[in-house]
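Student: Count along the sequence shown starting at 1, add 3, and that's the number in the working numbering.
Backbone N, C-alpha and C define an ideal beta-carbon position, used for all residues, glycine too.
Just so you know, these numbers come straight off a predicted model, no measurement behind them.
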Amino acid sequence: MRIRHAVGLSAAVVSAVVGLPLPATAAEPAAVLYVQGSNGACTNSGPGTQAQPFCTIQAAADQALPGQTVEVAPGTYAEDLVITRSGEPGRPITFRGGGSLLERKSFPVISSAQKQPVKMSGRHDIVFSGFNLTHFELDAVSRVELSGNWIQQPNGGIFRPAVSITGASDGVRVERSLVSLPHGGVKVGPGATGTVIAGNDFSSTFGSAVSVTDAPNTVITHNTVCYQWSVSTAIDLAGASHHATITNNVADRSVVQVSAGSTEGTVLDYNTVESPSPGYIPVYKWGGTDYLEAPQLKAATGQGAHDLNPYSMSFDFDQFPFSVPTAVLDTWQPGIVVDSAGPDVPGTPAVDLFGHRPIDHPDAPNAGPSGAFRDRGAYEVVGSFKADLKVTPESDSDPLAVRIDANPVMPTRIANYSYDFGDGTTASGPNRPVERHVYAKPGNYTVKLTATDEFGATLTGQQWFSVGYTPAGYTAIAPTRVLDTREAGSRYPRLGAGETIDLDVRKPGSATLVPAGATAVVLNLTATEGTANSHLDVYPSAAARPTTSNVNFGPGQDVANLVTVPIGPDGKIVVRNNSGTVHAVADVLGYFTAAAPDRFTSLAPARLLDTRSDATPLTGGTPRRLQVAGTGGVPAGATSAVLNVTATESASAGFVAVYPGGTARPAAGSNLNTAPDRNIANQVVVPLGADGSIELFTNAASSHLVVDVSGYYSPDGKGLFTPVTPTRLLDSRGNVTFAPFTSQRVWRVPTGASAAVVNLTATGTLGATHLTAWATGTAKPETSNLNATPGMDVSNHTTIPVSPEGTFEIANHGGTTDVIADLFGYYRNQ
Numbered sequence: 004m005r006i007r008h009a010v011g012l013s014a015a016v017v018s019a020v021v022g023l024p025l026p027a028t029a030a031e032p033a034a035v036l037y038v039q040g041s042n043g044a045c046t047n048s049g050p051g052t053q054a055q056p057f058c059t060i061q062a063a064a065d066q067a068l069p070g071q072t073v074e075v076a077p078g079t080y081a082e083d084l085v086i087t088r089s090g091e092p093g094r095p096i097t098f099r100g101g102g103s104l105l106e107r108k109s110f111p112v113i114s115s116a117q118k119q120p121v122k123m124s125g126r127h128d129i130v131f132s133g134f135n136l137t138h139f140e141l142d143a144v145s146r147v148e149l150s151g152n153w154i155q156q157p158n159g160g161i162f163r164p165a166v167s168i169t170g171a172s173d174g175v176r177v178e179r180s181l182v183s184l185p186h187g188g189v190k191v192g193p194g195a196t197g198t199v200i201a202g203n204d205f206s207s208t209f210g211s212a213v214s215v216t217d218a219p220n221t222v223i224t225h226n227t228v229c230y231q232w233s234v235s236t237a238i239d240l241a242g243a244s245h246h247a248t249i250t251n252n253v254a255d256r257s258v259v260q261v262s263a264g265s266t267e268g269t270v271l272d273y274n275t276v277e278s279p280s281p282g283y284i285p286v287y288k289w290g291g292t293d294y295l296e297a298p299q300l301k302a303a304t305g306q307g308a309h310d311l312n313p314y315s316m317s318f319d320f321d322q323f324p325f326s327v328p329t330a331v332l333d334t335w336q337p338g339i340v341v342d343s344a345g346p347d348v349p350g351t352p353a354v355d356l357f358g359h360r361p362i363d364h365p366d367a368p369n370a371g372p373s374g375a376f377r378d379r380g381a382y383e384v385v386g387s388f389k390a391d392l393k394v395t396p397e398s399d400s401d402p403l404a405v406r407i408d409a410n411p412v413m414p415t416r417i418a419n420y421s422y423d424f425g426d427g428t429t430a431s432g433p434n435r436p437v438e439r440h441v442y443a444k445p446g447n448y449t450v451k452l453t454a455t456d457e458f459g460a461t462l463t464g465q466q467w468f469s470v471g472y473t474p475a476g477y478t479a480i481a482p483t484r485v486l487d488t489r490e491a492g493s494r495y496p497r498l499g500a501g502e503t504i505d506l507d508v509r510k511p512g513s514a515t516l517v518p519a520g521a522t523a524v525v526l527n528l529t530a531t532e533g534t535a536n537s538h539l540d541v542y543p544s545a546a547a548r549p550t551t552s553n554v555n556f557g558p559g560q561d562v563a564n565l566v567t568v569p570i571g572p573d574g575k576i577v578v579r580n581n582s583g584t585v586h587a588v589a590d591v592l593g594y595f596t597a598a599a600p601d602r603f604t605s606l607a608p609a610r611l612l613d614t615r616s617d618a619t620p621l622t623g624g625t626p627r628r629l630q631v632a633g634t635g636g637v638p639a640g641a642t643s644a645v646l647n648v649t650a651t652e653s654a655s656a657g658f659v660a661v662y663p664g665g666t667a668r669p670a671a672g673s674n675l676n677t678a679p680d681r682n683i684a685n686q687v688v689v690p691l692g693a694d695g696s697i698e699l700f701t702n703a704a705s706s707h708l709v710v711d712v713s714g715y716y717s718p719d720g721k722g723l724f725t726p727v728t729p730t731r732l733l734d735s736r737g738n739v740t741f742a743p744f745t746s747q748r749v750w751r752v753p754t755g756a757s758a759a760v761v762n763l764t765a766t767g768t769l770g771a772t773h774l775t776a777w778a779t780g781t782a783k784p785e786t787s788n789l790n791a792t793p794g795m796d797v798s799n800h801t802t803i804p805v806s807p808e809g810t811f812e813i814a815n816h817g818g819t820t821d822v823i824a825d826l827f828g829y830y831r832n833q
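1. Please report how far the alpha carbon of Ser544 lies from the alpha carbon of Pro572, in whole angstroms.
2. Tell me Leu486's beta-bridge partners as DSSP assigns them.
3. Looking at Ala607: is its Cβ nearer than 8 Å to the Cβ of Pro784?
4. Buried or exposed, going by whether 16 or more other CB atoms sit within 10 Å of the CB of Ala814?
5. Under the three-state reduction of DSSP, which class applies to Asp321: helix, strand or coil?
6. Let me know the beta strand (DSSP E) ranges lying completely inside the segment 637-689, each 3 residues or longer, listed in chain order.
7. Does DSSP put Ile480 in a helix, in a strand, or in coil?
8. Taking a contact to mean a Cβ-Cβ separation below 8 Å, would you say Ser717 touches Ala641 in this structure?
9. Can you tell me whether Asn738 is buried or exposed, with buried defined as 16 or more other CB within 10 angstroms of its CB?
10. Who are the near neighbours of Asp821 in its chain, counting only those whose CB is closer than 6 Å to its CB and skipping five residues on each side?
11. Over the uninterrupted beta strand (DSSP E) stretch that includes Leu506, give me the two end residues.
12. Look at the alpha carbon of Lys402 and the alpha carbon of Leu526, and state the distance between them as a whole number of angstroms.
13. Report yes if the C-beta distance between Tyr442 and Val470 is below 8 Å; otherwise report no.
14. Using 10 angstroms around the beta-carbon of Phe320, count the other beta-carbons present and answer buried if the total reaches 16, otherwise exposed.
15. Quick one, which of Ala644, Asp590, Gly464 and Val384 has its alpha-carbon nearest Arg484's?
16. Just list the residues that DSSP pairs Ile238 with in beta bridges.
17. If you draw a straight line from the alpha carbon of Ser705 to that of Gly780, how long is it in whole angstroms?
18. Could you pull out every residue in the same chain whose Cβ sits closer than 6 Å to the Cβ of Pro482, ignoring the five residues on either side in sequence?
19. Could you name the residues that DSSP lists as bridge partners for Glu91?
20. DSSP state of Leu691, grouped into three classes?
21. Could you give the DSSP three-state label for Ala254: helix, strand or coil?
22. Measure the CB-CB distance between Leu845 and Asn799 and report whether it falls below 8 Å.
23. Please confirm whether Tyr542 and Val588 have their CB atoms less than 8 Å apart.
24. Would you check if the segment 266-282 and the segment 244-256 touch, i.e. whether three or more CB-CB distances between them fall below 8 Å?
25. According to DSSP, Phe741 sits in a beta bridge with which residue or residues?
26. Report all residues from its chain with a CB closer than 7 Å to the CB of Val281; omit the five preceding and five following residues, and keep chain order.
27. In terms of alpha-carbon separation, which member of Ser89, Val38, Thr52 and Arg126 lies closest to Val112?
28. Output needed for Glu74: all residues of its chain with C-beta closer than 8 Å, excluding positions within five of it in sequence on either side, in chain order.
29. Give the DSSP bridge partners of Gln466, in chain order.
30. Going straight from the alpha carbon of Lys444 to that of Pro569, what length do you get?
31. Is it buried or exposed for Val10, if we count other Cβ within 10 angstroms and need 16 for buried?
32. Tell me Tyr594's beta-bridge partners as DSSP assigns them.
33. Under a three-way DSSP split, which group does Gln299 fall into?
34. What does the alpha-carbon distance come out to for the pair His816 and Thr775?
35. Buried or exposed: where does Phe556 fall if 16 or more other Cβ atoms within 10 Å of its Cβ makes it buried?
36. Are the CB atoms of Thr819 and Pro743 nearer to each other than 8 Å?
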């Protein structure tokens, strides 16, 4: 039987018939290879992904294939980089640093340990863009583009040009780069052809900015040469560098030189070259003949018909090292740079060095051909291309709010505003030249703006400023309950270990309680039905949890403490429980605003009442009036008093309420809790009655009370309150414990303060004691601020007079104890 040959069978059929596996299809190479030397997962053995990038640029260069992009993250790469592979026409290998000339820090920096240039020899179809480096060395290359780089050499570096092009190189482009402090700019050597040098800024260069020798068909256009160290040759065509194009360049105090062998086919026009010394030093050297200025050159050669040779040019020094001409035009010679460029030549960049498209300056005539308005040189000039920012406080709406007015000057329509507020938050969008932001805590911040135009070009600006609370007066209100986790249906649950409540004190219900712009709130906070030794911490919303505490309590204890705390940007404060579970009750007593009329006056602590002295304790249900105004240094015009109230020898558990004399006891607003066999103190800020008195009430069977005054509020006072993010001033644990009958000095209250709002805590107490605090340099008063009990952590809010240097003393009057002092704010006389 004759076997017939199968014709036209598919590979799948053949595979099935013969029984052989199909060859594997080669995977497409990744479009991007990533380099990030600072990434701990980087490796030079590949694969060059974002998760596992290359550590060095060289490792990626040795593996890159045509059409691939090598994406290099910001950082410093100390390597002698040699490009070892080539791309293909239309599929170059692209090395992209992503740097912006307006934001130098975003550039990857190639800093060779041996001060070697980035080298390419015999390579083709390469793009190298967005890097900070010292120099390039190209030999016998073709279709290589160097763009958007910052080429800078330190003083005392190796004497090499910024870019050296040698050998049979063809189609090299050096464009839109800043060349600063090199020993020579771009040097094109014999054998090279078709080189394009366009849109570059040669700033502070030594020697020629562009030097071309025996290299025909070179295009030199839209470059700026400025800040030269001495009169120098900006552009030098030597040997047989014929058929060159020299147009639309700007040069400061420079000479343009074209040798006799380079004049054939060469075009020189529409340049602005400042005369180094008008009438003495020639601006042009053409074919071996010197010409003092453009009219002489035109008359003799026909070249330079539209060249200008001003006596001087003005540059915007605020943008150094960028050589940006000033936007204010010289009235005696308008258009020497602006709106006066000639026709585009092959190789002209579509945008300027900053990415701006041509823009018609409103004050300059359109002197280009047919009314064109592109500028000469590397920059489009319509102003100082900066994004100016103005930051002003808006504390009337929020205590740490600011208004940011952005005024970016760009030659085109701004499409997007992007803000970095310096606190980890950002905002962006179109039509946002004015932005409002509320910070979570005081501090020094730098806000940054990036303005992006309709073509994607960007400008950046930044402004440093300080945000702080405005010093404020006090407004007392009737005690208002804003939190009670015991209530059925409460929106705030019982607190577990580590749990928090975001408590709205500005508008706890349907009506506003504390106005916008209030910097801090004063409230009485009670912990009840706790299941463990724990503490409650209170701090402004949106702020990080501080290391401070406010209320210390044990299982089953009812413990109250006064709290003064800054208000967060959303009108809220945070209440956090440390351990176990606990119910929390909070009553707002007042707040601080810049417009409040009552100011604080600090007093040397004085005792107003001690019921033990005449053996007349308060009895349950029977209030007792105490005259405050006119005693202890409190004047008749006082509106509120700052008191320390201590319950002692209580016959039963209960509470004590303090309220204005001659008024009904408020439904909410107990101030401290009583317990048998314990001395319990709490600070009380209470409005005075019409006669300057207060009422003292307890529901305990009976309790002795001790009342000390440390200050008052009145329209005649001078002290304004500035809250601070809760800050620990003292923690004697692990340091110097308070031995019996010893004292220690506490520092770091802001200088010039008259009094400090401090939460004192006694912990690790070995014997019953009480603590007294007073200003350094004054007599110790016969009063107390906190009563400590062995085996318990006890805290009390205190207002302590301080020395002009911001110090105060704490004395221990009994058993050994540790003491913690946390600062919540201070008063300073205005």
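Tutor: Checking against the coordinates, here is how it stands:
1. 7 Å
2. Ala589
3. yes
4. buried
5. helix
6. 643-651, 657-663 and 675-677
7. strand
8. yes
9. exposed
10. Ser735, Arg736, Thr740, Thr766 and Gly767
11. Thr503 to Asp507
12. What sits at residue 402 in the sequence shown is Pro, not Lys. Taking the straight line from one Cα to the other gives about 18 Å.
13. yes
14. exposed
15. Asp590
16. Val213 and Val259
17. 39 Å
18. Asp590, Leu592, Pro669, Ala671 and Gly672
19. Arg94
20. coil
21. strand
22. With the chain represented from 4 up to 833, any question about residue 845 goes unanswered, as that position is not in the structure.
23. no
24. yes
25. Thr820
26. Reading off the sequence shown, one finds Pro at residue 281, where the question assumed Val. Closer than 7 Å at the Cβ level, and outside the excluded window around Pro281, lie Tyr314.
27. Val38
28. Val35, Leu36, Tyr37, Val38, Arg99 and Gly101
29. Val450
30. 9 Å
31. With a pLDDT of only 34 at Val10, under 50, the local geometry of the prediction cannot be trusted, and the value read off the model is given with reservation. Looking at its Cβ environment, which holds fewer than 16 other Cβ atoms inside 10 Å, Val10 is exposed.
32. Thr478 and Val524
33. helix
34. 8 Å
35. buried
36. yes
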